[in-house]
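Participant:
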Amino acid sequence: DDDEAGAPRSLGFAAVAKNRNDAVTLPAGYSATVLYAFGDPIDGGTPDFRNDGTDTASDRRAGDQHDGMAYFGLSDAGQWARTRSDRGLLAINHEQVLDAYLHVAGPTQDVNGNRPQAEVDKEMNAHGVSIIEVRREVGSNRMSYVRTSPFNRRITPFTEMDITGPARGSARLFTPFSPNGTRTRGTLNNCAHGHTPWGTYLTCEENWFSYWKRGDDVALRNAADNAQLARNGLSPNSAGFSYRKWDTVDADVYRRFNITAQPGGSATTDYRNEANTFGYIVEIDPFDPDSRPQKRTALGRIVHEGCWAAPAIPGRPLVFYMGDDARFEYIYKFVSAENWDPADAERSDRLAVGAKYLDHGTLYVAKFNADGSGEWIALVHNQNGLDINNTLFPFASQADVCIATRLAADAVGATKMDRPEWAAVNPVNGEVYLTLTNNTRRTQQGQADAANPRLGNANGHIIRWRESGGVQEAMRFDWDIFLFGAASDADPATTNVSGLTDANDFSSPDGLWFDARGVLWIQTDDGVFPGNDRSNNQMLAALPGRVGDGVVVTTTNAPTIAGAKATGDTVRRFLVGPRGCEITGVDMTPDYRTMFVNVQHPGEDGTLDQLDSTWPNPSRNALQTGAAGQRPRSATIVITRDDGGPIGV
Ligand code: FEO
Ligand code: CA
Ligand code: CA
Ligand code: CA
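Each residue of the sequence shown is one higher than the last, beginning at 54 in the UniProt record's numbering.
If you want it as structure tokens, here you go:
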């Protein structure tokens, strides 16, 4: 097609072999250095990181578990410079903590079960977002971060934020901290991300519910509250899987992690509503270190994986795609009410631009039909049964739809997917790809459907769609399945239906990114295969083709192929990470010569007594193993080609 004339027609590297090495592996002719590892100081006054659990000043260091990430070129005047490749700001999510390595000897508590404040502070500060300045080294495409840059910033679960959009001021968001429901403190479990056409960063609150504790307060809440909390993983007498007893430190900013309603209390005297202020897309202006992050409630409250923009077209609405990463959850799309004005890309009041496009618009949820068509169903108050008489939740306003979003999606009959993770929009033709990482709980006959056709889907798949007429804000789409994850030696009739080989087999696709040339990068988060026994997690490059030449499902649990299979010419392994890590987060400079990749939680399967990984190497060569006995660290690495050429092609 003419519109694809600029897309690369071949991948320019030899496939990397699967391996279990405790180092990053890249194709011949590529190098990688460690740019920014857990604990690295972000100013000149904070001491170097000792990495023995005794380090202080955690609010002025890199957080843990690097995840989604975006590069923004930086002009000499400190403004956004879209085409600049030698100097920029890197925004990096810190999703979680590996607390085994955070403290001197693991997390502790006193005889009453209370956590020490110093440990809790360290754990909270290791979450959130980093903004760091990065620069090319002289005569090289390699980059390092500028330790003393005034742009360097940490955003953590302590950082004050505004709540904007339809849910701002809702009584469901009233708290002792913000009795009028307009502010909250912090962001949590920042998994993937997005960025906007006006130069801001979006960080997305994924498993936020897992940090809270809730006692049995059913009788003290109304039915709507109880329904909404239970649907979000906060049933009575529950504590989430990342619950770290932060609420046991005796100060308001910590006690809020117990949301149990108190007898005789109210929304402004206890913390019953605190968790309602989490679960959103958060907008950050990386160029203004003093700016206050904005929680954009119009984009819904779910277990937000990420938020990816379609290319902005002047005079047309902006479109964002989002996944809710849990088993049997949904895919969403947000369409702005305002049409895109390219002059807004030049403005320096970026969060005001964000309010224009992200506080007003329509949220949709996806339904995938068995005939390869699909539709977007509007989640709008008083449409599609989302009204006060709804049996799942009494929707009294759009604020309620934006707070109880999962119940709204349930009510309109959206398609339950196999864990929606990252989306990516092909810059060449607007087609949207989305990873469905796995779902081993889809086990019952009748649970499989055309879009999620494998029972016991341990290896996941990548679905894609083309919006009707190529119009991104359209209400209908056509879809197919681009790739199924599988082991190369698995049954080609039921499991390895994409025909993967040793050069490109993978499992549990998660991170997904199109570079501007149209090369698709696929990252994995797998603990079973190829994870533990065949290979560490990995990143592949793919030349994607079009909707319609992928997999057509004729019977559930036995998909058949039409069109081209995934050959080594079109899908090829580019990188294998160190032991125990997930590979997640990728971006490049605009000239394609410097690539950033995140190595998340190396050594996750080990303990202080029995380390599974000691990566990274103290000399910061990412391709080498670490020093014996050294605690592993999550890190951003920088990949360059030794001959200075563009990466991947
Ligand atoms: Fe944090 Fe769904 O990955
Ligand atoms: Ca993910
Ligand atoms: Ca994942
Ligand atoms: Ca992970």
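Glycine is no exception: its CB is placed at the ideal position from the N, C-alpha and C atoms. All figures in this text were calculated on a predicted structure; none of them were measured in a lab.
At a cut-off of 6 Å, would you count Cys244 as near ligand 5, judging by its Cβ distance to the nearest heavy atom?
Facilitator: In the structure shown, ligand 5 is absent; the only ligands present are ligand 1, ligand 2, ligand 3 and ligand 4.
Participant: If we call anything under 7 Å between Cβ atoms a contact, is Ala115 one with Gln281?
Facilitator: Contact: no.
Participant: Quick check: the Cα distance between Phe559 and Leu573, rounded to an integer number of angstroms?
Facilitator: 15 Å
Participant: Below 8 Å, can you find three or more Cβ-Cβ pairs linking the stretch 392-405 to the stretch 464-480?
Facilitator: With a cut-off of 8 Å, the stretch 464-480 and the stretch 392-405 do not count as touching, because too few Cβ pairs lie within range.
Participant: For residue 10, which residues from the same chain have a beta carbon less than 6 Å from its beta carbon, with the 5 sequence-adjacent residues on both sides left out?
Facilitator: An answer regarding residue 10 cannot be provided, because it is not within the stretch 54 to 702 covered by the chain.
Participant: By alpha-carbon positions, which one of Asn442, Asp453, Gly425 ends up nearest to Leu432?
Facilitator: Asp453
Participant: When a residue counts only if its C-beta is closer than 6 Å to some heavy atom of ligand 4, which residues count, in chain order?
Facilitator: Asp578, Glu635, Gln653, His654
Participant: Please classify Ser295: does DSSP put it in a helix, a strand, or coil?
Facilitator: coil
Participant: Quick check: what's the CA-CA separation for Asn492 versus Phe102?
Facilitator: Cα to Cα, the separation comes out at about 39 Å.
Participant: Can you give me the Cβ contacts of Phe262 inside the same chain, cut-off strictly under 6 Å, excluding the 5 residues immediately before and after it?
Facilitator: Asn285, Gly286, Leu287, Gly293
Participant: Closer than 6 Å: is that where the CB of Pro474 sits relative to any heavy atom of ligand 2?
Facilitator: One point to set straight first is that residue 474 is Glu, not Pro, in the sequence displayed. Yes.
Participant: On the DSSP letters alone, give me the boundaries of the alpha helix (DSSP H) that Ile456 sits inside.
Facilitator: Where Ile456 is concerned, the enclosing alpha helix (DSSP H) stretches over 451-456.
Participant: Kindly indicate the opening and closing residues of the beta strand (DSSP E) around Ala594.
Facilitator: Per DSSP, Ala594 belongs to the beta strand (DSSP E) from 591-595.
Participant: Tell me which residues share the same chain as Asp695 and place their Cβ nearer than 8 Å to its Cβ, disregarding the 5 neighbours each side in the sequence.
Facilitator: Gly82, Tyr83, Ser84
Participant: For Thr488, verify whether its CB is less than 6 Å away from any heavy atom of ligand 3.
Facilitator: If you check the C-beta of Thr488 against ligand 3, you find no heavy atom less than 6 Å away.
Participant: For Gln149, does the count of other Cβ atoms within 10 angstroms reach 16, so buried, or fall short, so exposed?
Facilitator: buried
Participant: Would you mind stating whether Arg472 and Leu489 have Cβ atoms separated by less than 7 Å?
Facilitator: yes
Participant: I need the boundaries of the alpha helix (DSSP H) containing Asn404, first residue and last residue.
Facilitator: Correcting the residue identity first, residue 404 is Leu in this sequence and not Asn. Residues 403-411.
Participant: Ala617: buried (16+ other C-beta within 10 angstroms of its C-beta) or exposed?
Facilitator: Because the pLDDT at Ala617 is just 48, under 50, the model does not fix this residue reliably, and the point stays unresolved.
Participant: By the three-class DSSP mapping on this structure, what secondary structure does Glu399 have?
Facilitator: helix
Participant: What does a CB cutoff of less than 7 Å around Asn443 pick up in its chain, not counting 5 residues either side in sequence?
Facilitator: Ala464
Participant: What separation, rounded to the nearest whole angstrom, lies between the Cα atoms of Thr330 and Pro210?
Facilitator: 12 Å
Participant: Anyone know if the C-beta pair for Phe537 and Ser551 falls short of 7 Å?
Facilitator: yes
Participant: Which of the three DSSP states, helix, strand or coil, is assigned to Arg459?
Facilitator: helix
Participant: Within 10 angstroms of the Cβ of Ile441, are there 16 or more other Cβ atoms? Answer buried if so, exposed if not.
Facilitator: Exposed, since its Cβ has fewer than 16 Cβ neighbours within 10 Å.
Participant: Classify Ser197 as helix, strand or coil using the three-state DSSP reduction.
Facilitator: Secondary structure at Ser197: strand, using DSSP grouped into helix, strand and coil.
Participant: Can you tell me whether DSSP reads Gly621 as helix, strand or coil?
Facilitator: Per DSSP, reduced to three states, the secondary structure at Gly621 is coil, with no helix or strand assignment.
Participant: Would you report the Cα separation of residue 39 and Cys257, rounded to the nearest angstrom?
Facilitator: With the chain represented from 54 up to 702, any question about residue 39 goes unanswered, as that position is not in the structure.
Participant: The alpha helix (DSSP H) that contains residue 705, what's its start and end?
Facilitator: Shown here, the chain extends from 54 to 702; a query on residue 705 therefore has no answer.
Participant: Who pairs with Phe559 in a beta bridge, going by DSSP?
Facilitator: Ala539
Participant: To the nearest angstrom, how far is it from the Cα of Ala68 to the Cα of Arg626?
Facilitator: So the alpha carbons of these two residues sit roughly 5 Å apart.
Participant: In angstroms, rounded to a whole number, what distance separates the CA positions of Met528 and Trp429?
Facilitator: 5 Å
Participant: Check each candidate in Thr228, Asn482, Val87 and name the one with the smallest Cα separation from Val652.
Facilitator: Checking every option, the nearest Cα to that of Val652 belongs to Val87.
Participant: Looking at Thr647: is its Cβ nearer than 7 Å to the Cβ of Thr693?
Facilitator: yes
Participant: What's the C-alpha gap between Trp265 and Gly192?
Facilitator: Trp265 and Gly192: Cα-Cα distance of roughly 49 Å.
Participant: Only counting the same chain, and skipping five residues up and downstream in sequence, which positions put a Cβ closer than 7 Å to that of Tyr198?
Facilitator: Leu88, Tyr89, Ile185, Glu186, Val187
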